[in-house]
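For the sequence shown, UniProt numbering assigns the number 1 to the initial residue and increments by one for each residue that follows. Each residue gets a CB set at the ideal place from its N, CA and C atoms; glycine is no exception. Computed from a predicted structure; not experimentally measured.
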Amino acid sequence: MPRSYYADEDQAAETFSLVDATISELEHALSAGWITSVDLVARYLRRISVYDAAGLNLSAIPILNPTVFDEAAASDARRAAGLPARPLEGIPYLVKDSIKVKGMTVASGSPAFENLVATEDAACVQVLREAGAVLLGRTNMPAMAYGGMQRGSYGRAESPYNQEYLTAAYASGSSNGSATATTANFCAFSLGSETVSSGRSPASNNSIIAYTPSKGLLPLRGVWPLYPTCDVLVPHTRTMSDLFKVLDVLAVVDKTPIGDFWNEQKIVPLPSVETIRPRLFDELKEGSALHGKRIGVPSMYIGGKDPLPDKVCTRPSVLKLWERTKDALEACGATVVEVDFPMVATYEAKASLGELVSVKDLPEDWHSVERCQLVAHSWDDFLAANGQSGLDSLACVDPETIFPLAPGSLRGTPDAANQLRWHEMVEYPKNKPDSIFEIPNLERAIKALENARKETFEQWMDSQGLDVVVFPANGDIGRADADVDPEASLYAWKNGVKYSNGNREIRHLGIPTVSVPMGVMEDTNMPVNLTFAGKAYDDTKLLRYAYAFEEFTHYRQVPPRVPGLDSDVVLTIGNQQSSSVQGQVELPGVTITEQSKCIKDSTVYVEVKGNLPCSRDAQLKQLLDGNGWSLTATYPVSARDGTWSRWTSPALVQTIVVIVAHTNTGQTAASLIHYLIDALKGDVHDSHTLLYLLAYIRKERLYHILDHCQNLFVQVLFL
1 MPRSYYADED
11 QAAETFSLVD
21 ATISELEHAL
31 SAGWITSVDL
41 VARYLRRISV
51 YDAAGLNLSA
61 IPILNPTVFD
71 EAAASDARRA
81 AGLPARPLEG
91 IPYLVKDSIK
101 VKGMTVASGS
111 PAFENLVATE
121 DAACVQVLRE
131 AGAVLLGRTN
141 MPAMAYGGMQ
151 RGSYGRAESP
161 YNQEYLTAAY
171 ASGSSNGSAT
181 ATTANFCAFS
191 LGSETVSSGR
201 SPASNNSIIA
211 YTPSKGLLPL
221 RGVWPLYPTC
231 DVLVPHTRTM
241 SDLFKVLDVL
251 AVVDKTPIGD
261 FWNEQKIVPL
271 PSVETIRPRL
281 FDELKEGSAL
291 HGKRIGVPSM
301 YIGGKDPLPD
311 KVCTRPSVLK
321 LWERTKDALE
331 ACGATVVEVD
341 FPMVATYEAK
351 ASLGELVSVK
361 DLPEDWHSVE
371 RCQLVAHSWD
381 DFLAANGQSG
391 LDSLACVDPE
401 TIFPLAPGSL
411 RGTPDAANQL
421 RWHEMVEYPK
431 NKPDSIFEIP
441 NLERAIKALE
451 NARKETFEQW
461 MDSQGLDVVV
471 FPANGDIGRA
481 DADVDPEASL
491 YAWKNGVKYS
501 NGNREIRHLG
511 IPTVSVPMGV
521 MEDTNMPVNL
531 TFAGKAYDDT
541 KLLRYAYAFE
551 EFTHYRQVPP
561 RVPGLDSDVV
571 LTIGNQQSSS
581 VQGQVELPGV
591 TITEQSKCIK
601 DSTVYVEVKG
611 NLPCSRDAQL
621 KQLLDGNGWS
631 LTATYPVSAR
641 DGTWSRWTSP
651 ALVQTIVVIV
661 AHTNTGQTAA
671 SLIHYLIDAL
681 KGDVHDSHTL
691 LYLLAYIRKE
701 RLYHILDHCQ
711 NLFVQVLFL
């Protein structure tokens, strides 16, 4: 295990750490019996407790899967029964809040849909479940993926690299929770999505891999749409090898692509994923893939000639990283040439005049249709397919609740023509056509967008003799206070900062990309990625190039704000655990027996008590009060907390109790309890209080966990 971080290098041969562990390493640890899936889940939950729900309050994961330990135990039971391991057996992952998981809410970060419960799994979740992957929970995002770092129902994720900067582009980074959780080692991998740059920009700000596929290659059934002509599923991983593992499972044909725009449409023929993908994606691991290739880098993204009035803003430290990257590409045997970028120059030619999309033969009103009727139709279809009474149509929704801004938030400087028209959208279902493909001028628009990609990008690549185009993923990164500080907001909306480079045209025209770590800026300590872009359905070439670059450079850096914990270290010698079999170990349960709260001098004081029954064969050191437990917490309520309480992670109103028990025979069981302290809501400006208890019951040792959550102090009173 040469890649993994070890808490003690002297013990490297005897320990294995979760920090930046690859999927292959986790699979080996599981198959070797060093750890069970139940224990692996518990250790990831410990990291989530220390850094996400408490401590730094990264708020990447607002919702945990209540059946996560059941799924992990089922995976362990398969191993114990001697059944062959499935492709992602026992591997914990996360999904964006816009992705359906049967029985869980699928709010897409919007107050309008907080009570919408998925009636089935999204196609991507379905295939991951069949592959043995274990769902940990759901990641944060702005309402309806409409934007980047605006606060949605569950607030927003924060940077694990530098708290002064955003974890994604402000105007387009809605998969901010997915990328933050992946880089912070809260999971093995995560699923995001992208409509403009919502998958790429948070990947770049978090030094992880993002793959935005050609249209139709990854299934979108069961994923809330935004702009159906642009949307793609985006896997987030820490390495290219991990991405290949995930793509082996995800890159399949969905035989019932209901609501998957590109796989339902018959306007333009698309190749099947079966004709594009390799048998196994590991076949793309070719370290010499860049040798002899001609690479174009657009001048506008490296401080050179920029033909547009709205110049790309590029930070000097990004340019310095590019120079190092250029040397690395050339060391890989590639020729790097500076080029113009007619695709962007053409698409944005009239942007300064208010015409945001300049595409030949595109219907004159298409941009308006795409931001009202097309969105409304796809949302109404999504709700109808889910079929929840009272929320089965967009017409049921109060438009004011779809995308409200948090109190005090600045609107920034978005293009007026780019705004969604909420009130019109809610009225649209009353007179909508039967099919989204009956929207006037849809066929003409689709053909125009396809032709624009071929003429302004693919034919241009051929004319320049280019194998691939690369550029820094972002020109710079906005500051964390861009939502409240006018100066920071103005900068966050600049070209090169508000979106990932390539802006709206990359997704609108259907250009596949792979984003790979390029290093960390020396002045901000924030990462930036390198984007590989190519012709539609040349995805496997891009994946080869990206793998070769990563293999040569290894520029990813672990975020310094979320270091390894003692519970991240797994013994590999003398620690052959038996996989748990559900029922052989009685799962410890937690019962809340008493709670009290008082408010004095703008401080909330909380005490909670409960019981912890345990089976006889699971050894547990005697606790204070027999098998009882208690905790106390205080939380000073500031003016900002009172104002913003609605816009912070709901983890701040939960008691989360995780208990892991190991028997003398090495079997493992666990339980997860969410306890919402409703008595705390509605008082002190609806301020949220987090109570967090994480107990590891391991053989005869009981670990005490003392966590600090900003001004909230939680003490677990175990003796």
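Query: Per-residue DSSP class, three states only, for Ile295; Result: strand
Query: Span of the alpha helix (DSSP H), counted from its first residue to its last, around Thr177; Result: For the sequence presented, residue 177 should be read as Gly rather than Thr. Where Gly177 is concerned, the enclosing alpha helix (DSSP H) stretches over 176-183.
Query: CA-to-CA distance, Arg453 to Lys447, given in whole angstroms; Result: 10 Å
Query: According to DSSP, residues forming a beta bridge with Gly192; Result: Val234
Query: Straight-line gap, Pro404 to Glu450 (C-alpha atoms, nearest Å); Result: 34 Å
Query: CB of Ala21 within 8 Å of CB of Phe186, strictly; Result: no
Query: Whole runs of the beta strand (DSSP E) within the region 425-493, excluding any shorter than 3 residues; Result: 468-472
Query: Given Leu571 as reference, the closest of Ser24, Ile23, Leu40 once Cα atoms are compared; Result: Leu40
Query: For Ser241 and Pro527, the rounded distance between their alpha carbons; Result: 20 Å
Query: Where Lys432 falls, given that 16 or more other Cβ within 10 Å makes a residue buried; Result: buried
Query: Nearest neighbour of residue 774, chosen from Gly192, Asp254, Lys102 [CA to CA]; Result: Lying before the first or after the last residue shown, residue 774 is absent from the chain, which here runs from 1 to 719.
Query: Rounded straight-line distance, which links the Cα of Glu522 to that of residue 741; Result: Residue numbering for the chain in the displayed model covers 1 to 719; residue 741 lies beyond these limits and cannot be assessed.
Query: Touching by the beta-carbon criterion (3+ pairs, under 8 Å), the region 479-486 and the region 314-331; Result: no
Query: Short Cβ contact (8 Å threshold) for Leu136 with Leu64; Result: yes
Query: Whole alpha helix (DSSP H) elements within the region 332-359, 4-residue minimum; Result: 342-347
Query: Cβ separation of Ser207 and Ala169, assumed to be a contact under 8 Å, to the nearest whole Å; Result: Not really, about 15 Å apart at Cβ, beyond 8 Å.
Query: Cβ pair count under 8 Å reaching 3, the region 505-514 against the region 222-235; Result: yes
Query: Test item: CB-CB of Ala417 and Leu362 under 8 Å; Result: no
Query: Helix, strand or coil at Ile573 [DSSP, three-state]; Result: coil
Query: Cβ-Cβ distance between Ser175 and Lys293 below 8 Å; Result: no
Query: C-beta neighbour in chain C for Asp476, strict 8 Å; Result: Absent from the structure is chain C; it holds one protein chain and no more.
Query: Backbone secondary structure at Arg561 - three-state DSSP; Result: coil
Query: Element boundaries [beta strand (DSSP E), containing Ala533]; Result: 527-533
Query: Backbone secondary structure at Met149 - three-state DSSP; Result: coil
Query: Proximity to Gln150 [Cα-Cα], best of Ala349, Ala406, Ala122, Cys313; Result: Ala406
Query: As assigned by DSSP and simplified to three states, the class of Pro111; Result: helix
Query: Contact under 8 Å by Cβ, Phe471 with Val339; Result: no
Query: Beta-bridge pairing of Thr105 - partner residues as DSSP gives them; Result: Val117
Query: Burial state of Arg79 (16 or more Cβ within 10 Å); Result: buried
Query: Pick from Ser31, Leu542, Thr167 that is closest to Thr183, judged by C-alpha positions; Result: Thr167
Query: At least 3 beta-carbon pairs within less than 8 Å: the region 114-127 vs the region 378-389; Result: yes
Query: Burial state of Ile302 (16 or more Cβ within 10 Å); Result: buried
Query: Best match in Ser98, Phe437, Tyr51, Asp282 for proximity to Ala546 [C-alpha to C-alpha]; Result: Asp282
Query: Counted within 10 angstroms of its Cβ, other Cβ atoms place Val516 as buried (16 or more) or exposed; Result: buried
Query: Proximity to Arg86 [Cα-Cα], best of Asp70, Lys100, Gly132; Result: Gly132
Query: Beta bridge counterpart(s) of Pro407 as assigned by DSSP; Result: Bridge partners of Pro407: none, in fact.
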